[in-house]
Amino acid sequence: MSEGELTFLPLGGVGEIGMNLAVYGYGGKWLIVDCGVSFGDETMPMVDVVMADPTWIEERRDKLVGIVLTHGHEDHLGAVQYLWDRLRCPVWATPFSASILKNKLHETGLHTQVPLNVVELGSRFKAGPFEIEMISITHSIPEPNLLAIRTPLGTVVHTGDWKFDPDPLLGLATDTEALRRVGKEGVLALIGDSTNVFTKGHSGSESEVRGSLIELLGRFDGRIAVSCFATNVARLESIAVAAMANDRSVALVGRSLWRIDKAARENGYLADLPPFLTEHDAAYLPKDKVVYICTGSQGEPRAALARIASGDHPHVKLGKGDVCIFSSRIIPGNEKDIYRLQNDLVRLGVEVVTEKDEFVHVSGHPAREEMEEMYRLLRPRFAVPVHGEARHLQEHARLARSMGVEEAIETCNGTMLRLAPGPVEVVDHVPTGKLCVDGPRIVRIDSEILRNRRRMVFNGSAVVTVVLDKFGKLLNDPQLTALGLLDAAHEAEEHDTVVEAVRDAIEELPLKVRKDDGVVREAARLAVRRSLRDTHGKKPITDVHLVRV
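Just so you know, UniProt numbering puts 152 at position 152 of the sequence shown, and the rest follows in order with no gaps.
Laid out in structure tokens, this is it:
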């Protein structure tokens, strides 16, 4: 990068939803906006958390001026606790996001190391050669911020996640005057949210959901469980208000809900609500006097709602006459898990209510008319769609062009764009990838560890032990364990077939060759794989233990 160029480089969050990590370059310095996670799926066995690989910017951390967080959602700040030790730079966040981050840093022992700058809403501050203005917008979490990033070559607007909610109920409304002012000053490029570009009209207001919930909760006589995104503090308040309007008390079920409740109350939110009950205390209430707010709206197997549905929760039981309301949307990719959860609830006799049945959710992302209004306010010269899959980015680019944008660029992770001077141009492609949290460690998603784990899920694993003397003579039959493939107690014949194949393969080797451990191991390994391929159609991960006596 030339010091006289302004560049944009996404390392995560483009061509996908989640895992946001954007890098801006100017004056020989780099600035990160957001550092988030995504979540594992069926292709990533035993992986819960995934994040962008920061190696490229880590190698330049001596020129990294800091990380600015737009808001407190996991896909925007959830990776800081895992990646900060590799980046070691200051972090800026508004108070609510800072409270969430502090709690995460405590969990990883970094709370005394990370230089966390807490900035007030609407603040302006400098990070190296970048002057940043945080403009209040609305979203499904308190204190979301649009960033106006100013440099001598022009102003870039990074929207983060946003919507136009005329009555957000909690927190500030969108500062449209500030947006209009920035637009009049001149916007070089808008780096914008593409999530709901296919949704016509407006996303809707939280105040409308609150009214609907008040009416809906009044219809039921049994226990009511409501599942929503834990970070949607306005929704927590709406559920609590609806419960109180129907003479019910509210309990939180799930650790993440309690963490968000703590962060919210620390920053003056939920101040008009009494403390929530614990799940233990709520168990003593009559069934028509309680509402449980539960984690697990996306079917997460270890969340509270999944445990309730499986009958495994120690304090919360649902059954015939009770209802579970999913006050959330289905995040693409989670359909199977959510439907499995809902079916488990139905089998218990629980009535399931979703956004398809009743008005119980509005999105936190802008629909098309809101996106068009943002373009009218900011009037950017260029547009770079982000936060969406390929089809979202393409449609967002079409919309931007229809709003008179000079050029809309569909990009991908690892593509460096020069925003100024001159026309937008691809100037480099840098290596990208994904990391995942695997127990106490972080590994690449394409590492040998995870590749083997995926292969074991679909093909099983086999271990064979071979005992030879120093001349290469077999001293006993090979011992075989084929996990996920053979049950030696019930498939003795198939088991013996594999053992015989290994014995034959070794005995076919000349005695002189059998003195080479490597040759013997490879012969045994191939014999196991060929035999199991022929009999079971599988190619297992195979290991050979060779013992010389």
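Glycine included, C-beta positions come from ideal geometry on N, C-alpha and C.
Just so you know, the alpha carbons of G439 and S447 end up roughly 15 Å apart. Burial check for D261: the Cβ neighbour count within 10 Å reaches 16 or more, so the residue is buried.
Judged by their CB atoms, H106 and G160 are not nearer to each other than the 8 Å cut-off.
Residues of the same chain with a CB within less than 7 Å of the CB of H536, apart from the 5 flanking positions on each side, are L485 in chain order.
When C-alpha distances from A242 are compared across V290, A263 and A283, the shortest belongs to V290. Secondary structure in the stretch 129–175: the beta strand (DSSP E) runs of 3 residues or longer, each lying completely within the stretch, are 130–136, 145–151 and 154–158 in chain order. Counting along the chain, the unbroken beta strand (DSSP E) around S38 starts and ends at V37 to F39. Within the DSSP secondary-structure output, K434 pairs in a beta bridge with A52. Here I17 carries a coil assignment [DSSP, helix/strand/coil].
Sequence-distant Cβ neighbours of V513 in its own chain, meaning closer than 7 Å and more than five residues away, are V519. N232 is positioned such that its CB atom lies no closer than 8 Å to that of S363. Proximity of the stretch 209–226 to the stretch 183–197 falls short of the contact definition, fewer than three beta-carbon pairs being nearer than 8 Å.
Under the DSSP assignment, R307 falls in the alpha helix (DSSP H) whose first and last residues are A304 to A309. Checking the DSSP bridge columns, you'll see K29 partnered with Y26.
When C-alpha distances from V33 are compared across R302, P478, I132 and M44, the shortest belongs to I132. For A282, the closest C-alpha among the options P10, K104, K317 and A251 is that of A251. Annotation: G460 is outside any beta strand (DSSP E) and is labelled neither H nor E by DSSP. Going by DSSP, T295 is part of no alpha helix (DSSP H) at all; its letter is neither H nor E. In the displayed model, P95 falls within a helix according to three-state DSSP. Among the bridge pairs identified by DSSP, C324 is matched with A225 and V352. Annotation: the stretch 509–541 contains the following complete segments of the alpha helix (DSSP H) (minimum length 4 residues), in chain order: 517–536.
In this structure, DSSP gives T481 an extended state, which the three-state scheme calls strand. Nearest to V209 by C-alpha distance, out of G333, F359, L21 and N452, is F359. In the structure shown, N246 falls within a coil segment according to DSSP collapsed to helix, strand and coil.
Beta-bridge partners assigned by DSSP to A264: none are found. Relative to the Cα of V405, the nearest Cα in the group R455, A383 and P421 belongs to A383.
Under the three-state reduction of DSSP, K126 is assigned to strand.
Counting C-beta pairs with one atom in each stretch, the stretch 133–150 and the stretch 336–351 have fewer than three that are closer than 8 Å, which means they do not touch. Taking C-alpha positions only, H495 is separated from A488 by approximately 6 Å. Contact between the stretch 270–284 and the stretch 320–336 is absent, with fewer than three C-beta pairs closer than 8 Å. As far as DSSP is concerned, F220 takes part in no beta bridge. Two segments are said to touch when three or more pairs of C-beta atoms, one from each, lie closer than 8 Å; by this definition the stretch 427–435 does not touch the stretch 449–469. Distance from the CA of P421 to the CA of R124, rounded to the nearest whole angstrom, comes to 24 Å. Annotation for N196: no beta strand (DSSP E) segment contains it, and DSSP assigns it neither H nor E. Residue F39 holds the alpha-carbon nearest to the alpha-carbon of H73 among F39, D85, E215 and R376. Under the three-state reduction of DSSP, I330 is assigned to coil, being neither helix nor strand.
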